[in-house]
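Student: Pasting a structure here, questions to come.
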Amino acid sequence: MPLKIYNTMSRKKEVFKPVKEGQAGMYVCGPTIYDYVHIGNLRAYVFADILRRILKINGYKVKEVMNLTDVDDKTIKNSQKAGMKLKEFTKKYEKGFLENIKDMNIEKPEVMPKATEHIKEMVALIKKLLKKGFAYKTDDGIYYSIRKFKDYGKLSKIKKENLKAGASERVLKDEYDKEHVNDFALWKFWDENDGDVFWETELGKGRPGWHIECSAMSTKYLGKQFDIHTGGVDLIFPHHENEIAQSEAGFEKKPWVKYWLHNEWVLVDGKKMSKSLGNYYKLKDITDRGYSPMDLRYFYLSGHYRKPLNFTFTNLEAAKNTYQRLKNIISEIKKSKEKKNKKNINAAYKQFLEILNDDLNVPKALSFMWEILRENKLNDAEKYELVLKFDKVFGLKLDKEEKIKIPAEVKKFVAEREKARKEKNWKLADELREKIKNAGYYVDDTGEGWKIRKL
Ligand SMILES: [Zn+2]
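Using the working numbering, the first residue of the sequence shown is number 3, and each one after it goes up by one.
Dropping the structure here:
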């Protein structure tokens with residue numbers, strides 16, 4: 003079955019047909035690097051990662067571009083608060099973000115462009131929009147006139163006539179000189195709040211708006227028309243709507259993007275995550291409580307990307323236990339020396355691919371893996387080979403032995419047990435194995451010596 007994905011533009015599942023055969027270009031709205039990302043953001047990046055992995059197993063050569071927003075109101079304000087230069091400040095959170103995606107086993111995108119390094123491209127696009135009459139100048143900046151773009155609202159299905167002030171969080175407060183309340187800034191002229199952050203350009207001294215960076219950077223690296231654009235559902239309006247308005251007016255390619263894919267929210271205890279509710283978690287808050295990034299990844303994978311995911315520590319604990327059980331099974335079947343039947347493996351893999359190709363149904367693919375492990379249609383060696391193939395998509399590090407910290411007491415028992423075994427004192431060795439078990443660990447005797455794992 004060919005790969006089918008749900009396109010937000012048509013509100014339908016569509017067969018994926020790329021602009022260039024055999025290649026897939028995708029753009030992912032990346033983070034604003036003024037703080038560490040929260041678990042809602044991380045879901046969006048894990049989703050994009052799963053998508054690129056599925057494109058790859060379908061034989062596409064993937065080029066993924068993820069932007070880093072390193073200049074906007076928040077980065078400027080927070081860098082000033084921290085008493086740091088903007089560049090120095092954003093560098094810190096860029097590093098934090100790269101660590102986060104590595105920990106989550108998210109494959110690094112091919113290009114991660116920064117807004118501040120693409121001012122030239124943004125200025126060029128804004129100049130084009132001014133020339134074509136889609137943009138106009140006011141006292142404080144250059145704005146996009148949504149009235150001029152007749153397709154405005156085609157992604158979000160919002161009618162521009164019905165747009166009111168306050169509909170968008172990004173609407174500037176001082177709207178008095180804009181033609182329409184939802185007209186958005188392409189370029190903001192410098193004012194004293196910006197401090198030393200500005201660029202002297204043909205447009206005047208100032209800095210770019212947020213939306214323009216995605217139009218300029220995506221097309222620079224992927225071409226004036228490309229395959230896939232992803233983001234969280236919260237970005238559909240106004241951000242992605244505005245990106246379309248800028249790009250289709252500026253580059254005159256329709257559609258600018260062929261497939262729009264959006265992942266749903268992460269809720270915390272059934273509520274929207276927010277700093278004021280105190281239900282706002284970053285990766286470190288999760289790992290500090292003894293969960294690994296892979297526990298969190300397993301939790302994300304348990305829900306379909308187009309459904310909201312309810313995060314609770316009970317749910318995360320369940321994911322952790324399931325993940326641990328899975329790893330234990332794998333370390334068992336790994337030892338099998340049985341003869342493998344290629345036909346069995348290929349048939350199961352084909353089924354797996356079909357499940358994923360139906361709009362990236364990862365939760366169903368996970369159940370399918372569990373079904374294979376539970377049933378005895380395949381032998382252990384075949385199961386093991388399949389699981390490794392599946393993990394190319396899941397990215398759960400299923401074959402990696404986890405480094406575990408063994409308490410000193412347990413280490414002592416293990417050493418004593420080794421000694422007892424050498425002395426052929428089997429009774430004592432067994433007693434010590436029990437003691438180790440009671441402490442929550444299990445010793446395995448393998449050809450290369452002993453191995454210990456958490457129960
Ligand atoms: Zn964007």
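Virtual Cβ for every residue (Gly too), placed ideally from N, Cα, C.
This structure is a prediction, so every number in the text was calculated from the model and none was measured.
Cα separation between residue 242 and residue 213?
Tutor: On the sequence shown, position 240 is the one that residue 242 refers to. On the sequence shown, position 211 is the one that residue 213 refers to. Cα to Cα, residue 242 sits roughly 8 Å from residue 213.
Student: Go to residue 264, then tell me how far its beta strand (DSSP E) extends in each direction, as first and last residue.
Tutor: Indexing the sequence shown from 1 puts residue 264 at position 262. Note, residue 264: beta strand (DSSP E), 259-265.
Student: If you check the beta carbons only, do residue 368 and residue 389 fall under 9 Å apart?
Tutor: Start at 1 with the first residue of the sequence shown, and residue 368 comes out as number 366. Start at 1 with the first residue of the sequence shown, and residue 389 comes out as number 387. The answer is no: Cβ separation not under 9 Å.
Student: Look up residue 427 in the DSSP assignment and say whether it is helix, strand or coil.
Tutor: On the sequence shown, residue 427 is found 425 positions in, with the first residue counted as 1. Coil, per DSSP.
Student: Return helix, strand or coil for residue 202, following the three-state DSSP convention.
Tutor: Taking the first residue of the sequence shown as position 1, residue 202 is located at position 200. Residue state, collapsed to three classes: strand.
Student: Give the DSSP bridge partners of residue 234, in chain order.
Tutor: Reading the sequence shown from its first residue, position 232 is the one you call residue 234. Its beta-bridge partners are 265.
Student: Looking at the unbroken beta strand (DSSP E) that takes in residue 9, where does it start and where does it end?
Tutor: Here residue 9 is taken as the residue at index 7 of the sequence shown, counted from 1. From DSSP, the beta strand (DSSP E) with residue 9 extends over 6-9.
Student: Buried or exposed: which applies to residue 386, given that a residue is buried once 16 or more other Cβ atoms fall within 10 Å of its Cβ?
Tutor: On the sequence shown, position 384 is the one that residue 386 refers to. By the neighbour-count rule (16 or more Cβ atoms within 10 Å), residue 386 is buried.
Student: Check residue 293 in the structure and name its three-state DSSP category.
Tutor: Indexing the sequence shown from 1 puts residue 293 at position 291. DSSP places residue 293 in coil when its eight states are reduced to three.
Student: Examine ligand 1 and report whether any of its heavy atoms sits within less than 8 Å of the Cβ of residue 211.
Tutor: Counting from one through the sequence shown, the residue named residue 211 turns up at place 209. Result no, Cβ not under 8 Å from ligand 1.
Student: Our contact map puts residue 456 next to residue 442 with C-beta atoms below 8 Å; I'd like the distance itself, whole angstroms only.
Tutor: If you number the sequence shown from 1, residue 456 lands on position 454. If you number the sequence shown from 1, residue 442 lands on position 440. The pair is a contact, with the Cβ atoms about 6 Å apart (cut-off 8 Å).
Student: Could you tell me if the beta carbon of residue 323 falls within a distance shorter than 8 Å of some heavy atom in ligand 1?
Tutor: Position 321 of the sequence shown, counting from 1, holds the residue named residue 323. Incorrect: residue 323 has no Cβ contact closer than 8 Å to ligand 1.
Student: Along the alpha helix (DSSP H) that carries residue 378, what are the first and last residues, could you check?
Tutor: To locate residue 378, count along the sequence shown from 1; it is residue 376. That residue, residue 378, is in no alpha helix (DSSP H); it is neither H nor E in DSSP.
Student: Is DSSP giving residue 183 helix, strand or coil here?
Tutor: Within the sequence shown, numbered from 1, the residue matching residue 183 stands at position 181. Correct three-state label for residue 183: coil.
Student: Tell me where the alpha helix (DSSP H) around residue 137 begins and ends.
Tutor: Numbered from its first residue, the sequence shown carries residue 137 at position 135. Per DSSP, residue 137 belongs to no alpha helix (DSSP H); it is in the beta strand (DSSP E), 137-139.
Student: Could you check what DSSP says for residue 165 in three-state terms: helix, strand or coil?
Tutor: Numbered from 1 along the sequence shown, position 163 holds the residue referred to as residue 165. If DSSP states are grouped into helix, strand and coil, residue 165 belongs with coil.
Student: Let me have the residue list for ligand 1: C-beta closer than 5 Å to any non-hydrogen atom, ordered along the chain.
Tutor: Selection output, chain order preserved: 31, 216.
Student: Counting pairs of Cβ atoms below 8 Å between the segment 50-63 and the segment 25-37, do you hit three or more?
Tutor: Result yes; three or more Cβ-Cβ pairs closer than 8 Å.
Student: Using DSSP with H/G/I as helix, E/B as strand and the rest coil, what is residue 21?
Tutor: On the sequence shown, position 19 is the one that residue 21 refers to. Three-state result, residue 21: coil.
Student: Taking a contact to mean a Cβ-Cβ separation below 9 Å, would you say residue 391 touches residue 296 in this structure?
Tutor: Mapped onto the sequence shown, residue 391 falls at position 389. Mapped onto the sequence shown, residue 296 falls at position 294. Not in contact: residue 391 and residue 296 (Cβ atoms no closer than 9 Å).
Student: Under a Cβ-count criterion, where at least 16 other Cβ atoms within 10 Å of its own Cβ denotes burial, should residue 291 be classed as buried or exposed?
Tutor: As a position in the sequence shown, residue 291 is number 289, starting the count at 1. Its Cβ having fewer than 16 others within 10 Å, residue 291 is exposed.
Student: Is residue 396 near residue 445, with beta carbons less than 9 Å apart?
Tutor: By 1-based counting over the sequence shown, the position of residue 396 is 394. By 1-based counting over the sequence shown, the position of residue 445 is 443. The answer is no: Cβ separation not under 9 Å.
Student: Does DSSP put residue 177 in a helix, a strand or coil?
Tutor: Residue numbering aside, residue 177 sits at position 175 when the sequence shown is read from its first letter. With a pLDDT of only 45 at residue 177, under the threshold of 50, the placement of this residue in the model should not be trusted, and no figure is reported.
Student: Pick helix, strand or coil for residue 298, following the three-state DSSP scheme.
Tutor: As a working note, residue 298 is residue 296 in the sequence shown. Residue 298: helix per DSSP, three-state reduction.
Student: Output needed for residue 412: all residues of its chain with C-beta closer than 7 Å, excluding positions within five of it in sequence on either side, in chain order.
Tutor: Here residue 412 is taken as the residue at index 410 of the sequence shown, counted from 1. Same-chain partners within the cutoff: 438, 441, 443.
Student: Could you check the C-alpha separation between residue 340 and residue 61 for me, to the nearest Å?
Tutor: Locating residue 340 in the sequence shown gives position 338, counting from the first residue. Locating residue 61 in the sequence shown gives position 59, counting from the first residue. Approximately 30 Å, taken between the alpha carbons.
Student: Is residue 232 near residue 265, with beta carbons less than 9 Å apart?
Tutor: Here residue 232 corresponds to residue number 230 of the sequence shown, with the count starting at 1. Here residue 265 corresponds to residue number 263 of the sequence shown, with the count starting at 1. The answer is yes: Cβ separation under 9 Å.
Student: Quick check: what's the CA-CA separation for residue 280 versus residue 235?
Tutor: Walking along the sequence shown from the start, residue 280 turns up at place 278. Walking along the sequence shown from the start, residue 235 turns up at place 233. When rounded, the distance between both Cα atoms is 22 Å.
Student: Taking the C-alpha atoms as reference points, what is the distance between residue 16 and residue 144?
Tutor: Here the question's residue 16 lines up with position 14 in the sequence shown. Here the question's residue 144 lines up with position 142 in the sequence shown. Cα to Cα, the separation comes out at about 37 Å.
Student: Measure the alpha-carbon distance for residue 343 versus residue 373 and round it to whole angstroms.
Tutor: Here residue 343 is taken as the residue at index 341 of the sequence shown, counted from 1. Here residue 373 is taken as the residue at index 371 of the sequence shown, counted from 1. Approximately 18 Å between the Cα atoms of the pair.
Student: Buried or exposed: residue 215, going by 16 or more other Cβ atoms within 10 Å of its Cβ?
Tutor: Stepping through the sequence shown from its first residue, residue 215 is reached at position 213. Flag for residue 215 reads buried.
Student: Could you check the C-alpha separation between residue 170 and residue 209 for me, to the nearest Å?
Tutor: Reading the sequence shown from its first residue, position 168 is the one you call residue 170. Reading the sequence shown from its first residue, position 207 is the one you call residue 209. Reliability fails at residue 170, whose pLDDT of 47 lies under 50, so the model's placement of it is uncertain and no value is given.
Student: So who's on the other strand from residue 354, going by DSSP bridges?
Tutor: As a position in the sequence shown, residue 354 is number 352, starting the count at 1. BP columns for residue 354 are empty, so no partner.
Student: Measuring alpha carbon to alpha carbon, tell me which residue in 10, 123, 306, 203 is nearest residue 226.
Tutor: On the sequence shown, position 224 is the one that residue 226 refers to. Comparing Cα positions, the closest option is 123.
Student: If you drop the 5 nearest sequence neighbours on each side, which residues of the same chain put their C-beta closer than 7 Å to that of residue 45?
Tutor: Translated into the one-based positions of the sequence shown, residue 45 becomes position 43. Taken in chain order, the residues that qualify are 265, 268, 302, 311.
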